[in-house]
Structures are given as structure tokens and as C-alpha cells.
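Read through the structure below, which is laid out as C-alpha cells, and then see the notes.
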Amino acid sequence: MTMVDFDYTRPRTLDEALALLAAHPEARPLAGGQTLLPTLKQRLARPTLLVDLQALGELRGIRIDDGTVSIGAMTRHAETASHPGLAAAIPALAFLAGGIAHPQVRHMGTMGGSISNNDPAADYPAALLGLGATVVTNHRQIAADAFFTGLFSTALEPGELVLRIRFPVPRRAGYCKLANPASGYVTTGCFIAETATATVRVAVNGAGPCVFRLAALEQALAADFSAAALAGFRAGPQGLNSDLHATAAYRAQLIGVAARRALAMALRPPVGTATPLAA
Amino acid sequence: MPLRPITITVNGIPRSHAVEPRTLLVQFLREHCGLTGTHVGCDTTQCGCCTVHLDGRAVKACTTLAAQADGGEVTTIEGIGTPEKLHPLQQAFRRHHALQCGFCTPGMVMQGIDIIRRGQAGDPVTIRHELEGNLCRCTGYQNIVDAIHDCARQCSRGAATAAAGQSGLANGA
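First to last, the sequence lines map onto chains S and V.
0 is the number of the first residue of the first sequence in numbering that gives the first Met the number 0; add one for each residue after it.
0 is the number of the first residue of the second sequence in numbering that gives the first Met the number 0; add one for each residue after it.
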């Protein structure tokens, strides 16, 4: 497929990149391109200029300080999945990164690109919302609760670029997705975290137009962080997605399945990779 | 848009061409370099027939701009062995009858080398997970998995990383 015509540039500094994006309203930042290039092939976007961020070293890498993990926006999924320090600090996040798409995509795709796109079937939004992460941009710091605003929508303004994502290290956390067996995209997923201050956060992805928190489960798990708290839990289908892969009622059913498996991971760190759809 | 000159070191040889910015890496390899071993199966990031190594890591050349690889090093199926001296993984594919029509094979071999390089070829279950981005419509995968597993057992991971080129396994290792 021939893509729509665009120009390409690879700035050497962050200031240069921001100036280019400011000067060209129809420009798009290019991270790994694993979503953007297919989008361009389908002509669902028509940027005049791609500003490739790959040379900006300050957007790469994982830092772990006192109780906080900071991940650069251009850090590839494969780096996040295989970072020993991250695997020790937030194993559920490393596990999630290792289950995104497939190895070739994980070598190119980035956390900043994924969350800026906010595909409802993406993995990272669940981790950011479930862990209560903070998105650091060139203008401000945005709490995950305010960052993901809707279907393919975020709080980012024109010219605003994600630089890093900061995750508070939780006491324990778990993630489970029921992935479409052909595409690997999330049909329904759930990220559960008990924070360092013993509050509980539950984020659901894939099921609705945008990742969302599940207050009922958060309250139940705050009172009793055990499988017993989920006994009898059933999500309703209101507001959930229906498509050729799954009805809203089926996705509602999967929320309970994903939540129970995510909790099991939080309670007992797992071995292995993504859970297959067969339940 | 004006053509942009780019230089990619392909199989150890710098290749410079002026290309449209929208040129895909796979188009650069096939149409500008004449290296048609890298196949286009789906053009939608699903089948893995276009898998090459960019700076030592397996990527899909149909979902990478040539411009993104400007200044980088790419290894294709043409760069790992010759008909006279096959790469150890190619030899393993032959031993195990790991191909039928052969269309997916270049991508399977390049991905297989990457799997071995990362130490993920120790057991068939892991190899199958690692092949999630590569489709084969002929073989049922069993013999592909066997070939990668067998090659990994025969070639130490050291040989895989200390290899000729950045691709992994040295010829005849």
C-alpha cells in the first residue's frame, strides 16, 4: 500500500523537535511507528511531516529511584519487558510489556507512542491507570486519571509531547488480558494494584471506548485483598464495546475473568507470558 | 515531496539512494538494493515474511520507514549465508523439512536467529510464543519450531552473539 505523501525529519535535540512540531501544525511525531505507519497506509491520517524522535537520547531509558520507576517515552517495549530492575520493582509492568503484540513490534514500539495514541485495545493505558502513573510532558505533569480522555483521545494539547512516564512502585500488582487470538489486541484486560499506601486501583482496558477504573472492585479489594473479594462480582455491559469479536455482554463477562487472574498474579507472582483467550 | 538521500549499511555494504520519505524499508531493500529475499506477504505487520534485522534486532521491514533506518545497519536473508555455505539455522531448516512453499522462510529464519540470540529458543513452548509475529500457511509450524530448537542446542548462545555480522550465528559455527 502506498502511503500518502509526507516529509520526514530526524531532529537531534528535544528543543529542535518541539520547534518543528510547533512550526508545522500538520506534523506528527514519529515514535516507533508500529501504529502510525499502518494508519498512514490506510490513509486514516494525513500528516505533512513526520518528526522522528529516535535520536533524542533523553527520551530513552528506565530509571529506578526511591519508590519510583521513570520510563522514557521512546523506550521500546522489548527494553521495558527485559529490564532487570523494572522486573524486580514492578513485575506486572514488565510482564505486560512482554505481552504486547509480538517480538518484532516490541523491538520498535514505544510506551510514549502507545499512550499518546490511546487505542482502547492497547495494553499500557491499563498499567498507567492501574498504577496511578504520572505523564511528564514538555509543559506539565498529568495524572493518568486525567490523561486518558476517550476513544483515541488524551489530554495532550497540540505541540505537547510525552517525555517520560513515572510509576510509583506498588506493594503488589497484576495484569491479565484476554487477547484476540489472531490480532493479539486486548479484547478485555484488567490491571490491579495495591499501592505503597495500601489503596487499591483497578483499571480495565479493551472493554470500553477508553480505559476506565472499576470503583466497585477497588472498594471490595481495599476491604479484603483476596480472591474472596471477587466472589460473586459481575460487571454490567452498559457502555462497553460491541464488535465482530465480542459483544458488550461477553466483554462484561471477561472483566470478571481478567480481574480474577490479575488478582491471582498480584497475590502470587507468575511465571509465563500472556494468558490465551480460552477461559 | 523531494527525494531524500539516505544510507543504510545492508549486509555490511553501505547502500545510498535518494528515496521518497514514505518509502518503506522493505521497498528500499527490494526495489533499490535488488534484494528480493525479503518478502512482502501481508503489508500489515501480521505475517512476518519481511522480517530483517535493524541494528541487530528483528523488525518488520513493511512497518519501518527506510528513513528510520538511515545511518543504521540492516541484515537480510541474503546476508547470513550462501547456497554453498548455509547459515546453521538454514541447515537446520533443511534437516527438519521446515519449509514447503518457502514464502515465509526468509522471515522465519531471520526471526529464528533473533530468538536464538535472545536466548529464547530453549523450549518449544517459548519458541512458539516468539513466533507469534510470523505466519506459515504450509507447515503447521512443528518443523520450524524443531529446526530453531535444534539449531539453538547445537550452537551455543555465545556463538550466536559473537557471530559474523550483527545477525547472530556465525556460518558453520
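Positions of the beta carbon are idealized from the N, C-alpha and C atoms, including for glycine.
Quick caveat: nothing in here was measured; it's all calculated off a predicted structure.
Check                                                                                                                                                                   : Outcome
Nearest chain V C-beta to histidine 101 of chain S closer than 8 Å, yes or no?                                                                                          : yes
Quick check on DSSP: helix, strand or coil for isoleucine 63 of chain S?                                                                                                : strand
Report the option in V:Asn133, V:Glu83, V:Cys100, V:Arg21 whose CA atom is closest to the CA atom of threonine 47 of chain S.                                           : V:Arg21
Hey, out of S:Ile61, S:Pro28, S:Leu262, S:Cys209, whose CA is closest to alanine 86 of chain S's CA?                                                                    : S:Ile61
Can you list, in chain order, the residues of its chain whose CB lies under 7 Å from that of methionine 264 of chain S, leaving out five sequence neighbours each side? : Ala91, Gly173, Tyr174, Cys175
Provide the residue span of the alpha helix (DSSP H) that contains cysteine 189 of chain S, from first to last.                                                         : Premise fails: cysteine 189 of chain S lies in the beta strand (DSSP E), 185 to 193, not in any alpha helix (DSSP H).
Cβ of aspartate 4 of chain S less than 8 Å from any chain V Cβ?                                                                                                         : yes
Skipping 5 residues on each side, what residues in its chain have a beta carbon closer than 7 Å to that of arginine 233 of chain S?                                     : Gly255
Classify cysteine 100 of chain V: buried if its beta carbon has 16 or more other beta carbons within 10 angstroms, exposed otherwise.                                   : exposed
What residue range is occupied by the uninterrupted beta strand (DSSP E) comprising lysine 176 of chain S?                                                              : 171 to 178
Express the C-alpha separation of arginine 250 of chain S and alanine 230 of chain S in angstroms, rounding to a whole number.                                          : 18 Å
How is glutamate 72 of chain V classed by DSSP in three states: helix, strand or coil?                                                                                  : strand
Looking at the structure shown, is lysine 59 of chain V part of a helix, part of a strand, or coil, going by DSSP?                                                      : strand
Run through chain S and tell me which residues come within less than 7 Å of alanine 57 of chain V, C-beta to C-beta.                                                    : Pro102, Gln103, His106
Does any CB atom of chain S fall closer than 8 Å to the CB of alanine 172 of chain V?                                                                                   : Only weak support exists for where alanine 172 of chain V lies, its pLDDT of 34 falling under 50; the value from the coordinates is given anyway. Closer than 8 Å: no.
Examine chain S for any beta-carbon lying closer than 8 Å to the beta-carbon of glycine 132 of chain V, and answer yes or no.                                           : yes
Quick check on serine 115 of chain S: does DSSP put it in helix, strand or coil?                                                                                        : helix
Among the residues of its own chain, which have a CB less than 7 Å from the CB of glycine 290 of chain S, if the five just before and after it don't count?             : The requested residue 290 of chain S is not part of the displayed model; chain S covers only 0 to 278.
Determine, using beta carbons only, whether proline 20 of chain V comes closer than 8 Å to chain S.                                                                     : yes
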